[in-house]
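Student: Quick mapping for you: the protein sequence lines, in order, are chains A and B. Read in order, the letters of the first sequence correspond to residues 22 to 94 in the working numbering. Read in order, the letters of the second sequence correspond to residues 485 to 637 in the working numbering. Quick one: structure below, then a few questions.
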Amino acid sequence: MSKGRITNNVRTLRFHRSEMTQQELAEKVGVTRQTVIAIEGDKYSPSLEVAFRIAHAFGVPLEEVFQYESSDP
Amino acid sequence: MEMDLSYQEKSILGSLLAMVIVYGYYFANALRHAGESEFGGGAIGRLIFAVIAIVVIQIVYQIILALDSKPEPKDERDVLIECKAYRNGYFALGTGAFLVIGGVIMAVLARDAAPTRIIVTPFLIVNLVLLFMVLAELVKLLTQLFYYRRGLR
Numbered sequence: 022m023s024k025g026r027i028t029n030n031v032r033t034l035r036f037h038r039s040e041m042t043q044q045e046l047a048e049k050v051g052v053t054r055q056t057v058i059a060i061e062g063d064k065y066s067p068s069l070e071v072a073f074r075i076a077h078a079f080g081v082p083l084e085e086v087f088q089y090e091s092s093d094p
Numbered sequence: 485m486e487m488d489l490s491y492q493e494k495s496i497l498g499s500l501l502a503m504v505i506v507y508g509y510y511f512a513n514a515l516r517h518a519g520e521s522e523f524g525g526g527a528i529g530r531l532i533f534a535v536i537a538i539v540v541i542q543i544v545y546q547i548i549l550a551l552d553s554k555p556e557p558k559d560e561r562d563v564l565i566e567c568k569a570y571r572n573g574y575f576a577l578g579t580g581a582f583l584v585i586g587g588v589i590m591a592v593l594a595r596d597a598a599p600t601r602i603i604v605t606p607f608l609i610v611n612l613v614l615l616f617m618v619l620a621e622l623v624k625l626l627t628q629l630f631y632y633r634r635g636l637r
């Protein structure tokens, strides 16, 4: 199975929400600030549930926050 | 260079240091008594002392850590990292158990060939099992630190 890559716009979306802090987003989503940092740095792909909660916190559809880049040609 | 360590990482580092110091001292002591065959009063005393020392150091360290930085509850990333760490720790423990069992069988088989040179004592077996338990825990803690630094992709 080829492995794709998940990218995200969390940092940009936080910026457009009057610079919502990582701590504020973490509290809204129910994870630690360290996890928000890891997601923004593409060092962690969250579960589907947390991904939906992040999208909900920004009030946008999931695809606007996370994108999947397939490595298949 | 200052490293920004999370609460979980600080907690793991504390456990790691406590284990290295206490069991390092314990096994250095055990080596000095390597001639003993039974795991008797003195050896049991040293083991109980090591266990109590670990518990006391851990409690004191966790209290200091909780006062110094705000405790964070574990989230899904912490749990996932812990699962991967337990997998590696389990592998290390299983390998250790296999080596001890294999070693005892080999020693028994070779005993007839060299009866005075190969002696499997309770002291040796208890300490070998304990050593692999400690190594498995160290593997678990180091795996956690590794994934916290490198990330899960």
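We put the beta carbon where it would ideally sit given N, CA and C, even for glycine. Just so you know, these numbers come straight off a predicted model, no measurement behind them.
Return the chain-ordered list of same chain residues with a C-beta closer than 6 Å to the C-beta of R26(A), the five sequence neighbours on each side being excluded.
Tutor: Taken in chain order, the residues that qualify are E90.
Student: Near A514(B), what residues of its chain come up, given a Cβ to Cβ distance below 6 Å and the 5 sequence neighbours on each side ignored?
Tutor: Cβ neighbours of A514(B) beyond the five flanking positions: N611.
Student: Using the Cβ count rule (16 or more neighbours within 10 Å means buried), how would you classify S495(B)?
Tutor: With 16 or more other Cβ atoms within 10 Å, it is buried.
Student: Going by other Cβ atoms of all chains shown within 10 Å of its Cβ, with 16 needed for buried, is S499(B) buried or exposed?
Tutor: Classification for S499(B): buried.
Student: Should L636(B) be flagged as near chain A, meaning a C-beta pair shorter than 8 Å?
Tutor: It does: the Cβ of L636(B) has a partner Cβ on chain A nearer than 8 Å.
Student: Output the boundary residues of the alpha helix (DSSP H) element that contains F87(A).
Tutor: Element bounds for F87(A): not the alpha helix (DSSP H) but the beta strand (DSSP E), F87 to E90.
Student: Over the uninterrupted beta strand (DSSP E) stretch that includes N513(B), give me the two end residues.
Tutor: From DSSP, N513(B) is part of no beta strand (DSSP E) but of the alpha helix (DSSP H) over Y491 to R516.
Student: Using a 10 Å radius around the Cβ and a threshold of 16 neighbouring Cβ atoms, would you call Q44(A) buried or exposed?
Tutor: So Q44(A) counts as exposed.
Student: Counting only beta-carbon separations shorter than 8 Å, does S68(A) have a partner in chain B?
Tutor: So, interface residue.
Student: Can you tell which of T579(B), I541(B) and A569(B) has its C-alpha closest to the C-alpha of V613(B)?
Tutor: Checking every option, the nearest Cα to that of V613(B) belongs to T579(B).
Student: Does the structure place the region 63-71 of chain A close enough to the region 550-563 of chain B that three or more beta carbon pairs sit under 8 Å?
Tutor: Touching, per the Cβ criterion.
Student: Does at least one heavy atom of the ligand ZN sit under 7 Å from the Cβ of R571(B)?
Tutor: In terms of ligand content, the structure shown is empty, and the ligand ZN therefore cannot be addressed.
Student: Name the chain B residues whose beta carbon is nearer than 8 Å to that of A59(A)?
Tutor: Those within 8 Å of A59(A) in chain B are R561, G635 and L636.
Student: Buried or exposed: F573(B), going by 16 or more other Cβ atoms within 10 Å of its Cβ?
Tutor: Note that residue 573(B) is Gly in the sequence shown here, rather than Phe. Buried, by the Cβ-count rule.
Student: What residue from R530(B), G519(B), L608(B) and A502(B) has the CA that sits closest to I541(B)'s CA?
Tutor: Of the candidates R530(B), G519(B), L608(B) and A502(B), the one whose C-alpha sits nearest the C-alpha of I541(B) is A502(B).
Student: If the criterion is Cβ atoms closer than 8 Å, does the pair N29(A) and V81(A) meet it?
Tutor: Going by C-beta atoms, N29(A) is not nearer than 8 Å to V81(A).
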